[in-house]
Amino acid sequence: MVMEPYVIEQNRTSLINQIVITGLLVFLASVILTLFFNRIGGIAPITHQFLVMTTWIILPLIWAVLSIRELVNWSKASYTLLDDSLHVYKKGFFGSSLEDLYRYDSILSVSNSGRRHGAYGTITLRIAHHDDVILQHVAHPAKQAAKIKQLVNKNRRSTNFI
45 MVMEPYVIEQ NRTSLINQIV ITGLLVFLAS VILTLFFNRI GGIAPITHQF LVMTTWIILP
105 LIWAVLSIRE LVNWSKASYT LLDDSLHVYK KGFFGSSLED LYRYDSILSV SNSGRRHGAY
165 GTITLRIAHH DDVILQHVAH PAKQAAKIKQ LVNKNRRSTN FI
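Numbering (the working numbering) for the sequence shown: 45 to 206.
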């Protein structure tokens with residue numbers, strides 16, 4: 045029996061929370077660096093002003109660029125469950141794309157972590173002879189991980205699944 049392709053749902057709230065938390069960390073780092081630079085302000089006032097100004101321009105700018113990049117890339121990634129494999133598709137810049145197929149019989153283990161009472165999170169797949177595959181910003185990761193485990197067990201040739 046052929047299974048219809050199933051697209052794993054993603055959750056934008058996870059990405060927004062990540063961006064907000066990193067923004068708060070950048071703000072906190074800027075405040076701490078400003079306080080540090082204030083200690084050397086009496087020794088080199090011009091250097092102090094330059095360092096403070098640079099901190100409050102460069103760090104938020106880097107955060108903004110990386111946040112926009114994450115927002116753009118989030119909408120360009122998809123995870124699809126097929127009959128015998130997981131299809132990971134990510135669009136890149138200038139029309140490039142990255143496609144990977146992970147056969148279920150090569151998956152050694154599936155784990156998940158969720159936030160907000162399981163509303164979103166990540167799924168980590170341990171693949172034989174390969175780096176771990178991390179599916180980020182997944183909606184209901186426990187439910188999605190269970191579906192992947194079911195497909196792995198269905199396609200497994202032996203029973204050594206962790």
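Note that the Cβ used here is the ideal one computed from N, Cα and C, for glycine as well.
Three-state class that DSSP yields for residue i in the structure shown
i: His212; result: Shown here, the chain extends from 45 to 206; a query on residue 212 therefore has no answer.
i: Asp144; result: strand
i: Leu130; result: strand
i: Thr61; result: Reading off the sequence, residue 61 comes out as Asn, not Thr. Residue state, collapsed to three classes: helix.
i: His184; result: coil
i: Arg170; result: strand
i: Ile151; result: strand
i: Lys135; result: strand
i: Asn156; result: strand
i: Ile178; result: strand
Candidates the options: closest to residue i by CA position
i: Leu115; options: Ile60, Phe94, Met47; result: Ile60
Buried versus exposed call for residue i [16 or more other C-beta atoms within 10 Å across all chains shown]
i: Ile192; result: buried
i: Ala189; result: buried
Pairwise C-alpha distance: residue j and residue i
i: Met47; j: Leu126; result: 7 Å
i: Val184; j: Ser74; result: Going by the sequence as given, residue 184 is His instead of Val. Each residue's Cα considered, the two are about 35 Å apart.
i: Ser155; j: Thr91; result: 50 Å
i: Ile151; j: Asn197; result: 10 Å
Stretch pair the region 132–150 + the region 172–190: three plus CB contacts closer than 8 Å
yes
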